[in-house]
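Before any comments, here is the structure.
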DNA sequence: TAGTCGTGGGA
DNA sequence: TTCCCAAGACT
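Residue numbers (this note's numbering): 38 to 333.
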């Protein structure tokens, strides 16, 4: 079987993307700024895109530029984050906005190394912004891309993420031309999100099946957990989530008793609350009332 | 490298 | 019903 060459990949993938992409995603509409792209990427870190879409629209309407978000009340930011999960991302996104407003003229930087210096922006998100907003040529490797690339090579499991190796593998598949490489990046990610998914390989409708080892060998996805199972019930994370949900569901501040009611074990409650205070997700007025930052 | 950090939907 | 999984970052 022929191996996958960059030019073949581009010719197979780009037409597929044009026909099958989720063009309804709000950040794919014409006129979306680099800031809008950045916000969509941060919101989509570990949160399904379908749940991100409505939150993104409300967010961008409220804070259309980094400076707008930078000057917002943090409590409003956390409420707008809603139930997207991992709310520390919201704090980092506001810190990111402050940095862009103060050090980059309120414009999302174009250079990868400058993007990487921003709070909450790691290897994936920096590349995603550079490629999707500015159409540069960089490997963009998320969980979808890792899975597709692994399967192309005939592996049933992408294994543990090793950034350097994963980036090199994707880099080798990118065509030389910047804009074409950008198109390939978004398309291969979309393929992993829509066709070559974790639970179903979708080889029968895959545009890459002719040169894919996984497809040609008739392999099937692994059925067990591909990562270490992530427990939630009874964890500190659950208690934090309950406390934050209690705050979201009330107007201003709440008395200590409301927090005590969310979890029976005092030690875990205290630990979770102390963390939230330390991280700046919750504030106390010193008299037993708690709220989002700025709501006291 | 491995553990931590939320939440909700689909299989 | 239970459990996997989702456009990762940070320590």
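Glycine included, every Cβ here is placed at the ideal spot set by N, Cα and C.
Cβ neighbours of residue 89 in the same chain (closer than 6 Å, five flanking residues each side left out): Indexing the first chain from 1 puts residue 89 at position 52. Within the same chain, residue 89 has close Cβ partners 80, 81.
Supposed close pair residue 291, residue 317 - CB separation, criterion 8 Å: Counting from one through the first chain, the residue named residue 291 turns up at place 254. Counting from one through the first chain, the residue named residue 317 turns up at place 280. In fact, because the Cβ distance is near 18 Å, the residues do not count as touching under 8 Å.
Length-filtered (4 minimum) alpha helix (DSSP H) runs lying within the segment 183–227: 200–208
Rounded separation between residue 321 and residue 314 - CA only: If you number the first chain from 1, residue 321 lands on position 284. If you number the first chain from 1, residue 314 lands on position 277. In a straight line, the C-alpha of residue 321 is about 8 Å away from that of residue 314.
Contact belief for residue 202 with residue 195 at Cβ below 8 Å, rounded distance in angstroms: Walking along the first chain from the start, residue 202 turns up at place 165. Walking along the first chain from the start, residue 195 turns up at place 158. About 11 Å; that fails the 8 Å criterion.
Delimiting residues of the alpha helix (DSSP H) encompassing residue 323: Mapped onto the first chain, residue 323 falls at position 286. No alpha helix (DSSP H) contains residue 323, which DSSP labels as neither H nor E.
Which listed residue (230, 231, 182, 198) has its alpha carbon closest to that of residue 208: As a first step, residue 208 must be located in the first chain, where it is residue number 171. Checked all of 230, 231, 182, 198; the closest Cα to residue 208 is 182.
Top-ranked residue by Cα proximity to residue 278, from 305, 255, 257, 330: Taking the first chain and counting its residues from 1, one reaches residue 278 at position 241. Checking every option, the nearest Cα to that of residue 278 belongs to 305.
Of the listed residues 215, 241, 78, 217, nearest to residue 160 (C-alpha basis): Taking the first residue of the first chain as position 1, residue 160 is located at position 123. Cα-wise, what sits closest to residue 160 is 78.
Close-in-space but distant-in-sequence residues of the same chain around residue 136 (CB under 6 Å, 5 per side omitted): Sequence index remark: in the first chain, residue 136 carries index 99 (1-based). Counting only Cβ-Cβ distances below 6 Å, and skipping sequence neighbours, we find 155.
Given residue 111 as reference, the closest of 132, 120, 98 once Cα atoms are compared: Taking the first chain and counting its residues from 1, one reaches residue 111 at position 74. The residue with the shortest Cα to Cα distance from residue 111 is 132.
Straight-line gap, residue 242 to residue 46 (C-alpha atoms, nearest Å): Your numbering for residue 242 matches position 205 in the first chain. Your numbering for residue 46 matches position 9 in the first chain. Looking at the two C-alpha atoms, the distance is approximately 16 Å.
Inside the segment 145–185 only - alpha helix (DSSP H) runs reaching at least 4 residues: 149–153, 160–165
Alpha-carbon spacing of residue 172 relative to residue 222, whole angstroms: The residue you call residue 172 lines up with position 135 of the first chain. The residue you call residue 222 lines up with position 185 of the first chain. In a straight line, the C-alpha of residue 172 is about 10 Å away from that of residue 222.
Top-ranked residue by Cα proximity to residue 144, from 123, 271, 72, 180: Taking the first residue of the first chain as 1, we reach residue 144 at position 107. Out of 123, 271, 72, 180, 72 has the C-alpha closest to the C-alpha of residue 144.
Residue environment, residue 190, which counts as buried when at least 16 other CB atoms sit within 10 Å: Indexing the first chain from 1 puts residue 190 at position 153. With fewer than 16 Cβ atoms within 10 Å of its Cβ, residue 190 is classed as exposed.
Straight-line gap, residue 268 to residue 140 (C-alpha atoms, nearest Å): As a position in the first chain, residue 268 is number 231, starting the count at 1. As a position in the first chain, residue 140 is number 103, starting the count at 1. Rounded to whole angstroms, residue 268 to residue 140 spans 40 Å at the Cα level.
Nearest residue (CA-CA) to residue 58, options 231, 257, 251, 197: Position 21 of the first chain, counting from 1, holds the residue named residue 58. Taking only the C-alpha atoms, the option nearest residue 58 is 231.
Exposed unless 16 or more other CB atoms sit within 10 angstroms - verdict on residue 266: Numbered from 1 along the first chain, position 229 holds the residue referred to as residue 266. Exposed.
Outcome for residue 52 when other beta-carbon atoms lying within 10 angstroms are tallied against a minimum of 16: Taking the first chain and counting its residues from 1, one reaches residue 52 at position 15. Exposed, because fewer than 16 other Cβ atoms sit within 10 Å of the Cβ of residue 52.
Residue 304, enclosing alpha helix (DSSP H) - first and last residue: Residue 304 sits at position 267 when you count from the first residue of the first chain. Counting along the chain, the alpha helix (DSSP H) containing residue 304 begins and ends at 303–316.
Extent of the continuous alpha helix (DSSP H) to which residue 52 belongs: Mapped onto the first chain, residue 52 falls at position 15. Residues 43–57.
Under 9 Å between C-beta atoms of residue 121 and residue 84: Within the first chain, residue 121 is the residue found at index 84, counting from 1. Within the first chain, residue 84 is the residue found at index 47, counting from 1. In contact: residue 121 and residue 84 (Cβ atoms closer than 9 Å).
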